[in-house]
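K.L.:
If you scroll down you'll find the structure; I have some questions about it.
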Amino acid sequence: MTAAPDALCRHCLLPLGRRGFARTVNGESCQFCCYGCCIAHQVKSGSGEASEAAWLLVRLGVGSFLSMNIMLFSLLVYSGAFAGADRRVLPTIQLLLWGLATPAVLILGEPFLRETWSQVRRGRLSSSALIILGSLAAYSYSTLAVFRLGGHVYFDTAAMVLMLFTLGRYLEAAGRARASRDLAPLLAAESESATVVEGAEEHRRPVREVRSGMLIRVKPGERIPVDGLIVEGCSHTDDSVISGESRQIAKTVGGSVLAGSINLDGPLLIRSSGSGDESRWAQICRSVRDALRQSSGTQRIADRLVGAFVPVVLALAGLTLAYWGQRLPFDQAMLAALAVLVVACPCAVGLAAPMAHSLGIGQLARHGCVVRSPGALEALAATRLIAFDKTGTLTLGRPHLVDLASDGVGEDEVLARLAGLERHSEHGLARAIALAARARGLDPIATENVRIVPGRGLRGIVAGELVAAGSAALMHDLGWQVPPALVERADVMAASGHSVVFIGWSEKACAGRARGALSFDDTPLPEARATIEALRALGVQVMLLTGDHAGAAARVAATVGVDDWQAGLLPDAKRIALDQCRPRHGAVAMVGDGLNDGPGLAWADVGIAVGSATDLARETADLVLPRGGLWLLPWVVGRARAVRTSILTNLAWAFGYNLIALTCAVLGLLQPILAAAVMAGSSLLVVLNSLRLERLPGPSYPSALQLSAAARPASEPQPREQAQRSRQRLEIRHTWGESSPRPEI
Amino acid sequence: MTYYALLFIAGLAGSFHCIGMCGGFACALGGDPRGPSATAVRHALYNTGRFTTYCFLGGLAGGLGWAIYTCLGTRSQLGVQVLSESLNAAQRGLAVIAGLLMIIMALQFFGLRGRRVTTGFGGSTLVIALRSLMSRRGHAAPLAFGVLNGFLPCPLVYAMVAQAASTVDVLSGCLTMAAFGLGTFPTMLAMGGLGRLLAPRWRQRGVRLAGSFILALGLVTLGRGIVPMTASHGLHHIWHFA
């Protein structure tokens, strides 16, 4: 049974790879990456009545029973307990050992033999071939010795090699499953089922069959399967899988809930607001699954080496046998060759990268950060320069009105007309204008026929007269004059780094003119400065690349503490700027909001989107942080570096260990049993080294002290509140976004 | 012989401690529907599995002790005198380590446990593993269950393994653990039948008793290491051959 090459192991959630095989567990077809995962999965999921489930454990137990007896008697023989007067019993002991070893080799060797056979049929040699060859050689020689040749027997070698490798694989699989613990809730999105309420009946259905408008019941403690609105009940939810923030949020009737969050304490009835496989949770799930299926460059090199390893080792074992065969008795030469076979099993090398990757991806995912490929993590670890986009990344992306100048009309009229016009817009500035108008108690003036002038602004009709708002260029296009007083004020506004909007209208069918200028400011995120300082502390250089004008860029750069900035960049210019940095800094990462800077994110070595509102599947970034998750960035960089360090130490360890052990084995200095123990220990150490990643601290939001270092207007809300609001905000596509120049004079 | 009898008694007393975890397993292993004799076979197999693991661990520990002993011995090659002296030193060092370990374990029995080092990643994995074997029928399952059960982290077993290592011989190590394992037989076999009849108060007393035994054994082993060979010869003599 050949598994699809891109499937994931049922137990450890790593890609199946070459050793993959399928097995039926509890009547369900499951795919495993190795024999160890197969045992471990059955141990975990096997209940008493499932016959196959416990069978492998029984096999392990009975195999251990036999091997331990063999080992014990062999130890007694080696230690000379049967020397002297008891010498006569030796042949009987050997016969007993043979009787114990035959079932042991059959029981323990069968899975390895099966794996070897399935690989050989596909024209490949796996490490199981080495193990099976080694133990069978020891067993056959010893059997011959018992019945024909006489002399020493090595049943203990045959049985213990199989025993130790079975045990090693089992423990390895247990460790890997632990590494993927964080991934489980994310990957559950596809296999999850929902309780659908239809009239008086309730059915369990797979999430992918849930359609918009269906009623879903969620019990306390369950994961909410789809996005929706609460129809009945109240509870608290934990959204950490989606938002990255682990805290309880109170929910009552009418409140919205997100798929993937956990319903903590009360039963809920939810009306689904979209089909099950469209939720962000399902998207994250698909994205993580894709990421796990890919292998990084390091991993590909390691895999290639492992592939070449087995034939080389076979040849080496043959040479060892030939060399020592001429100098030592045959059985000792055979032992040296067996040690070579057994010690060269490259399990640890194959394990080095995937385990660290799945741990890293899982931990990032637990805090709402989605990694698109393991390679991105490794690239981020090597990055020494991070370029930031400005709007929506370092700033809240929610401008507010700062200044208003009018010429010949009242300020209130300017604002009321502007509010009437902008009511038809979804532009970021429109909110600011509506808020300002409401603050002054103004009613927006009804406007008809409102149209967007791309990259310029808006125009509409009030009582038959044309009204327009936008950049100076729009006024110019309409042939409207801007009075010198307004030009002067607007210059001052722009010089202080604010965005400027003109508004004008025509009167009595004459040509209109600009009658007001308003300036808006976008507040830098409270955590931006602390984040950038933390990145610097990690040895990462920071720069600002923005499409906004120089004044705004300089002001934000000064506030958040970035020295290096470039303004007025069109998307293509951002790409060129990134290219210019590459020779000096190597890999370059770009952080943006994923809306207007897609090309830049795609062009950088690592594209990082913060709070992306776009469909994850269409997202071009390699790494997606949750909304308002800029503060996570230093932690993510630290984590990426830890993953890379872990991979490198794993590889160095696995290769170094193999090479040293192999040298010892070739020189005849290593007993095969010891070699097997050494190899089982090697993969166990790689597992334990990777699991160290688990113990690194989680991200922490910058403290109040760090935040207060960031200059912010006194009237702004408190940082925490503000950051949360920014998380909840709806992304509004800017018609004058950074991809097109902002309105300016 | 007295030595092994002592270990047997230690196992007997110590098995009150076993009731906590392993006794629970023995109870859960339950009876066989085919009748009392089948049930007896089931529990005998379980205990045989456990016994085998203990003997194996004992033999291995003894072998390891022997390996350390000869390793340290052969390092100095100045002459027979030095060799035997350093051999003595190695054996004494092992005895000190084993004695200290046993005393620490004994103190755990009296409730003076510090950080629990006994159960970790491997232990929890094994316990999960065992659960799925519990209710399986047939002869192989209880045997496998017993074998794996023997590997479960247990301070009593650790103490005895330390003792086995200090014997510096495979056979003695194996016999040490065998005597101890046989000592645990009566209680564990009984657990299969009378199960939860034993009051917790009695269990508490049993655990204390086991602790006292281990403590005494630990002190004697420690003494064997610390007191100079010539002076302790009498003690040593009594210990091994009395």
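Protein chains in written order, with numbering that gives the first Met the number 0: chain E, 0 to 744; chain W, 0 to 241.
Note that beta-carbon positions come from the ideal geometry of N, C-alpha and C, so glycine has one too.
#1: If you check the beta carbons only, do Phe179/W and Leu6/W fall under 7 Å apart?
#2: Distance check for Gly149/E and Leu89/E, CA to CA, integer angstroms please.
#3: Report the option in Arg439/E, Ala433/E and Ser424/E whose CA atom is closest to the CA atom of Val452/E.
#4: Roughly how far, in whole angstroms, is the beta-carbon of Phe50/W from the beta-carbon of Gly60/E, given that I think they are within contact range, below 8 Å?
#5: Quick check on Thr91/E: buried or exposed, where buried means 16 or more other Cβ atoms within 10 Å of its Cβ?
#6: Taking a contact to mean a Cβ-Cβ separation below 7 Å, would you say Val590/E touches Cys580/E in this structure?
#7: Counting beta carbon pairs with one atom in the stretch 455-468 of chain E and one in the stretch 527-541 of chain E, are three or more of them shorter than 8 Å?
#8: Say whether chain W places a C-beta atom closer than 7 Å to the C-beta of Leu683/E.
#9: Leu7/E to Gln30/E, Cα distance in whole Å?
#10: Which residues in chain E have a C-beta closer than 7 Å to the C-beta of Thr51/W? List them in chain order.
#11: Classify Ile223/E: buried if its beta carbon has 16 or more other beta carbons within 10 angstroms, exposed otherwise.
#12: Does any residue of chain W bring its CB to less than 7 Å from the CB of Gly98/E?
#13: Can you give me, in chain order, the residues of the stretch 148-181 of chain W that have a beta carbon less than 8 Å from any beta carbon in chain E?
#14: I'd like the ranges of any beta strand (DSSP E) spanning at least 3 consecutive residues and lying wholly in the stretch 488-513 of chain E.
#15: If I follow the unbroken beta strand (DSSP E) through Val217/E, where does it start and stop?
#16: When we look at the beta-carbon of Ala52/E and count the other beta-carbons within 10 Å, is it buried (16 or more) or exposed?
#17: Would Leu142/W count as contacting chain E if we go by Cβ distances under 7 Å?
#18: Ignore the nearest five residues each way along the sequence and tell me which others in Lys787/E's own chain have a CB closer than 8 Å to its CB.
#19: Write down every uninterrupted run of the beta strand (DSSP E) in the stretch 252-327 of chain E whose length is 3 residues or greater and which is fully enclosed by it, in chain order.
#20: Helix or strand or just coil, what does DSSP make of His548/E?
#21: Can you tell me whether Arg204/E is helix, strand or coil according to DSSP?
#22: Within the chosen definition, does the stretch 374-385 of chain E reach the stretch 400-416 of chain E through at least 3 CB pairs nearer than 8 Å?
#23: With a threshold of 7 Å between beta-carbons, can Ala80/E be considered close to chain C, or not?
#24: Could one say the Cβ of Leu673/E lies closer than 7 Å to chain W's Cβ atoms, at least one of them?
#25: Can you name the residues of chain W whose CB is closer than 7 Å to the CB of Val677/E?
#26: Are the beta-carbon atoms belonging to Ser171/W and Gly61/W less than 7 Å from one another?
#27: Helix, strand or coil, according to DSSP, for Thr117/W in the structure here?
#28: Taking just the CA atoms, how far does Ala557/E sit from Asp521/E?
#29: List the residues that DSSP assigns as beta-bridge partners of Ser405/E.
#30: What number of angstroms, rounded off, separates the C-alpha of Val348/E from the C-alpha of Ile607/E?
#31: With a threshold of 6 Å on Cβ separation, who are the neighbours of Gly57/W within its own chain once the five nearest residues in sequence on each side are excluded?
#32: Going along the chain, which residues of the stretch 379-392 of chain E sit with their C-beta nearer than 7 Å to a C-beta in chain W?
#33: Would you list the residues sitting across from Gln754/E in a DSSP beta bridge?
#34: Hey, could you find the ends of the beta strand (DSSP E) Ser372/E is sitting in?
#35: Please classify Glu526/E: does DSSP put it in a helix, a strand, or coil?
#36: Going along chain E, which residues have a C-beta under 7 Å from Phe184/W?
P.N.:
Here's the rundown:
#1: Residue 179/W sits at position 180 when you count from the first residue of the second sequence. Residue 6/W sits at position 7 when you count from the first residue of the second sequence. Their beta carbons are under 7 Å apart, which means Phe179/W touches Leu6/W by this criterion.
#2: In the first sequence, counting from the first residue as 1, residue 89/E sits at position 90. In the first sequence, counting from the first residue as 1, residue 149/E sits at position 150. So the two alpha carbons sit approximately 11 Å from each other.
#3: Here residue 452/E is taken as the residue at index 453 of the first sequence, counted from 1. Ranking the options by Cα distance to Val452/E, first place goes to Ser424/E.
#4: Working through the second sequence from its first residue, we reach residue 50/W at position 51. Working through the first sequence from its first residue, we reach residue 60/E at position 61. So it is not a contact: roughly 14 Å between Cβ atoms.
#5: The sequence position of residue 91/E within the first sequence is 92, counting from 1. The residue is exposed, with fewer than 16 neighbouring Cβ atoms inside 10 Å.
#6: Working through the first sequence from its first residue, we reach residue 590/E at position 591. Working through the first sequence from its first residue, we reach residue 580/E at position 581. 7 Å or more divides the Cβ of Val590/E from the Cβ of Cys580/E.
#7: The stretch 527-541 of chain E vs the stretch 455-468 of chain E: no contact.
#8: Working through the first sequence from its first residue, we reach residue 683/E at position 684. No, Leu683/E does not count as interfacial toward chain W.
#9: As a first step, residue 7/E must be located in the first sequence, where it is residue number 8. As a first step, residue 30/E must be located in the first sequence, where it is residue number 31. The alpha-carbon atoms of Leu7/E and Gln30/E are separated by roughly 7 Å.
#10: Here residue 51/W refers to the residue found at position 52 of the second sequence. Simply Phe64, Met67 and Asn68.
#11: Position 224 of the first sequence, counted from the start, is the residue given in the question as residue 223/E. Counting Cβ neighbours within 10 Å, Ile223/E comes out buried, since at least 16 surround it.
#12: Along the first sequence, read from residue 1 onward, the residue named residue 98/E stands at position 99. For Gly98/E, not one C-beta of chain W is nearer than 7 Å to its own C-beta.
#13: Legend: CB atoms of the stretch 148-181 of chain W lying less than 8 Å from CB atoms of chain E belong to residues Asp168, Val169, Leu170 and Cys173.
#14: Counting only runs of 3+ residues, the beta strand (DSSP E) found wholly inside the stretch 488-513 of chain E occupies 498-504, in chain order.
#15: Counted from its first residue, the first sequence places residue 217/E at position 218. In the DSSP annotation of this structure, the continuous segment of the beta strand (DSSP E) that includes Val217/E starts and ends at Leu214 to Val217.
#16: Stepping through the first sequence from its first residue, residue 52/E is reached at position 53. Interpretation of Ala52/E is limited by its pLDDT of 44, a score under 50 that renders its predicted location unreliable; no figure is taken from the coordinates.
#17: Numbered from 1 along the second sequence, position 143 holds the residue referred to as residue 142/W. It does; some Cβ of chain E falls within 7 Å.
#18: Because chain E in this structure spans residues 0 to 744, residue 787/E falls outside the shown range and cannot be described.
#19: Those beta strand (DSSP E) runs which fall completely within the stretch 252-327 of chain E and span 3+ residues are 267-271.
#20: As a working mapping, residue 548/E is identified with position 549 in the first sequence. Looking at His548/E - three-state DSSP - the assignment turns out to be coil, as it is neither helix nor strand.
#21: Residue numbering aside, residue 204/E sits at position 205 when the first sequence is read from its first letter. Under the three-state reduction of DSSP output, Arg204/E falls in the strand class.
#22: By the criterion of at least three beta-carbon pairs nearer than 8 Å, the stretch 374-385 of chain E is not in contact with the stretch 400-416 of chain E.
#23: Any reference to chain C falls outside this structure, whose protein chains are E and W.
#24: As a working mapping, residue 673/E is identified with position 674 in the first sequence. No, Leu673/E lies away from the interface with chain W (no Cβ there is under 7 Å from its Cβ).
#25: By one-based count along the first sequence, residue 677/E stands at place 678. Neighbours of Val677/E on chain W: none; closest Cβ ~16 Å, over 7 Å.
#26: Working through the second sequence from its first residue, we reach residue 171/W at position 172. Working through the second sequence from its first residue, we reach residue 61/W at position 62. Cβ distance < 7 Å, so Ser171/W and Gly61/W count as in contact.
#27: Your numbering for residue 117/W matches position 118 in the second sequence. At Thr117/W the pLDDT is 42, less than 50, meaning the model places this residue with poor confidence; the figure from the coordinates comes in the next sentence. Thr117/W falls in the coil class under three-state DSSP.
#28: Translated into the one-based positions of the first sequence, residue 521/E becomes position 522. Translated into the one-based positions of the first sequence, residue 557/E becomes position 558. Cα-Cα distance, rounded: 14 Å.
#29: Counting from one through the first sequence, the residue named residue 405/E turns up at place 406. For Ser405/E, which the question treats as bridged, DSSP gives the partners Gly515/E.
#30: On the first sequence, residue 348/E is found 349 positions in, with the first residue counted as 1. On the first sequence, residue 607/E is found 608 positions in, with the first residue counted as 1. Cα-Cα distance, rounded: 30 Å.
#31: As a first step, residue 57/W must be located in the second sequence, where it is residue number 58. Answer for Gly57/W: Ala163, Gly172, Cys173, Thr175 and Met176, listed in chain order.
#32: Within the stretch 379-392 of chain E, no residue places its CB atom closer than 7 Å to a CB of chain W.
#33: Nothing in the structure corresponds to residue 754/E, since chain E is present only between 0 and 744.
#34: By 1-based counting over the first sequence, the position of residue 372/E is 373. Per DSSP, Ser372/E lies in no beta strand (DSSP E) and is assigned neither H nor E.
#35: Walking along the first sequence from the start, residue 526/E turns up at place 527. In the structure shown, Glu526/E sits in coil (DSSP, three-state: anything other than H, G, I, E or B).
#36: Taking the second sequence and counting its residues from 1, one reaches residue 184/W at position 185. Residues of chain E passing the Cβ test: none, with the nearest at roughly 17 Å.
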